[in-house]
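Colleague: Heads up, the sequence shown is in UniProt numbering, so the first residue is 1 and it goes up one at a time.
Using N, Cα and C, we set each Cβ at its ideal position, and we do this for glycine too.
Since this is a predicted model, take the numbers as computed values, not measurements.
Please see the structure below; I have some questions.
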Amino acid sequence: MDAHAKGTDASSGPCAGADVRRAFALQAVPGVETIAFEGVAQPFPAHFHEFWTIGAIARGRRRATCGGATLGIGPGDAVLFTPGEAHGCLPVDGEALSYRSVAVPDAELARALGREAGSLRPIRFAVHDAALVRAVDAVCALAADPDADALAQEEALAVLAARVASRCENPRACGKATANAASGGVERARALLEERCVEGVALSELAEAAGLSRCHLVRAFSARTGLTPHRYLQALRANRARRLMADGLAPSQAAAQSGFSDQAHMTRVFKALFGLTPARYRASVERGRRA
1 MDAHAKGTDA SSGPCAGADV RRAFALQAVP GVETIAFEGV AQPFPAHFHE FWTIGAIARG
61 RRRATCGGAT LGIGPGDAVL FTPGEAHGCL PVDGEALSYR SVAVPDAELA RALGREAGSL
121 RPIRFAVHDA ALVRAVDAVC ALAADPDADA LAQEEALAVL AARVASRCEN PRACGKATAN
181 AASGGVERAR ALLEERCVEG VALSELAEAA GLSRCHLVRA FSARTGLTPH RYLQALRANR
241 ARRLMADGLA PSQAAAQSGF SDQAHMTRVF KALFGLTPAR YRASVERGRR A
């Protein structure tokens, strides 16, 4: 599939009016791009990319060829095409394709995993893997969201990389580290998040502080704290905003001084974590003071 025939929107052929194609860059990780196809009926002749293409099919069946093998693929399936590997596909019974994909340079995928570039090779190019599909969707959604922060984007890519590695030969997903080293690394990453919760911190910086690969850090951090680094950062910011509003700051001021991109961003996170909007919380604090 030519998941990177670049463009934002296009319509042509028998599905004119329904053929939509969108491409986005993952701003936090240079070189990583996403594509979404909706209602695309065209066949894709054999071709290759200079990067990994990790795709997920939402609708439409195809006959896909890669590495000398031909497989039927359809909704719920994921595809893994390595750099330089020829692949192509044809529609089955004229069905239109809805498909999302992530393009990742091999060096970036290896860096997320703490492995050598060129060390990953998929066992099969097509798999039915709900977790891999969800990981693709998560990266695509964040790439399309102009308000997504860098840590969320890096974290989603690390989760995707780990899932890709699980479908490869020699599937060790993340760099090795002893339990004690991982525990100490998580605590260093946690301290850095707390120190820089307002200005923000990239996953690559957290991983460097922890002495772990990005995907290993996400896994170890989640196991130790019950939260991914990004969710931990959101909780830190929401709690800081709550304290500031309890001290008398308006929601807009609390948002600005807690690291949120704007008040609307704070409202979404605050309500999700605490069950009420910042404005309602602030009003309840004021009523308590007057009582």
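How is G101 classed by DSSP in three states: helix, strand or coil?
Modeller: As a working note, residue 101 is residue 101 in the sequence shown. Here the sequence assigns Ser to residue 101, which means Gly is not the residue at that position. Reduced to three states, the DSSP call for S101 is strand.
Colleague: When the Cα of R240 is compared with those of G226, R196, T228, which residue comes out closest?
Modeller: In the sequence shown, the residue the question calls residue 240 occupies position 240. The shortest Cα separation from R240 among G226, R196, T228 belongs to R196.
Colleague: Give me, in chain order, the residues of the same chain whose beta-carbon lies closer than 7 angstroms to that of P83; leave out the 5 immediate sequence neighbours on both sides.
Modeller: Counting from one through the sequence shown, the residue named residue 83 turns up at place 83. Within the same chain, P83 has close Cβ partners H49, E50, F51, W52, D106.
Colleague: Under 8 angstroms: do the stretch 244-256 and the stretch 213-230 share three or more Cβ pairs, one atom per stretch?
Modeller: Judged by Cβ distances under 8 angstroms, the stretch 244-256 makes no contact with the stretch 213-230, as fewer than three pairs qualify.
Colleague: Identify the residues that DSSP records as bridge partners of G72: which are they?
Modeller: The residue given as residue 72 occupies position 72 in the sequence shown. R63, per the DSSP bridge assignment.
Colleague: Report the option in A141, A69, V164, Q153 whose CA atom is closest to the CA atom of L109.
Modeller: By 1-based counting over the sequence shown, the position of residue 109 is 109. Residue V164 is the option with its Cα nearest to L109.
Colleague: Closest to D77 by C-alpha separation, out of H128, A138, V159, V29, would be which residue?
Modeller: Here residue 77 refers to the residue found at position 77 of the sequence shown. Checking every option, the nearest Cα to that of D77 belongs to H128.
Colleague: What whole-angstrom Cβ distance do A209 and L192 have, given they're in contact under 8 angstroms?
Modeller: Here residue 209 refers to the residue found at position 209 when the sequence shown is read from its first residue. Here residue 192 refers to the residue found at position 192 when the sequence shown is read from its first residue. So it is a contact: roughly 5 angstroms between Cβ atoms.
Colleague: Residue range of the beta strand (DSSP E) that V198 falls in?
Modeller: In the sequence shown, the residue the question calls residue 198 occupies position 198. Per DSSP, V198 belongs to no beta strand (DSSP E) and is neither H nor E.
Colleague: Helix, strand or coil, according to DSSP, for T225 in the structure here?
Modeller: On the sequence shown, residue 225 is found 225 positions in, with the first residue counted as 1. It is helical.
Colleague: Return helix, strand or coil for A28, following the three-state DSSP convention.
Modeller: Working through the sequence shown from its first residue, we reach residue 28 at position 28. Of the three classes helix, strand and coil, the one that applies to A28 here is coil, per DSSP.
Colleague: Is it buried or exposed for E169, if we count other Cβ within 10 angstroms and need 16 for buried?
Modeller: Along the sequence shown, read from residue 1 onward, the residue named residue 169 stands at position 169. It counts as exposed.
Colleague: Alpha helix (DSSP H) containing E116: first to last residue?
Modeller: Here residue 116 is taken as the residue at index 116 of the sequence shown, counted from 1. Premise fails: E116 is in no alpha helix (DSSP H) and is neither H nor E.
Colleague: Could you tell me which residues DSSP pairs with D77 in its beta bridges?
Modeller: On the sequence shown, position 77 is the one that residue 77 refers to. Answer is H128.
Colleague: Tell me, which residues are paired with H47 by DSSP?
Modeller: Start at 1 with the first residue of the sequence shown, and residue 47 comes out as number 47. DSSP output for H47 lists H87 as bridge partner(s).
Colleague: What are the boundary residues of the beta strand (DSSP E) that A36 is part of?
Modeller: Locating residue 36 in the sequence shown gives position 36, counting from the first residue. That run of the beta strand (DSSP E) goes 33-40.
Colleague: Given a cut-off of 8 angstroms, decide if R111 and G55 are closer than it, judged by their beta-carbon atoms.
Modeller: On the sequence shown, position 55 is the one that residue 55 refers to. On the sequence shown, position 111 is the one that residue 111 refers to. The answer is no: Cβ separation not under 8 angstroms.
Colleague: With contact counted as at least three CB pairs below 8 angstroms, one residue from each stretch, are the stretch 112-120 and the stretch 33-46 in contact?
Modeller: Touching, no.
Colleague: If we ignore side chains and look at the alpha-carbon of each, how far apart do P278 and A96 end up?
Modeller: For the purposes of this step, residue 278 is taken as residue 278 along the sequence shown, with counting starting at 1. For the purposes of this step, residue 96 is taken as residue 96 along the sequence shown, with counting starting at 1. Between P278 and A96, the C-alpha separation is close to 45 angstroms.
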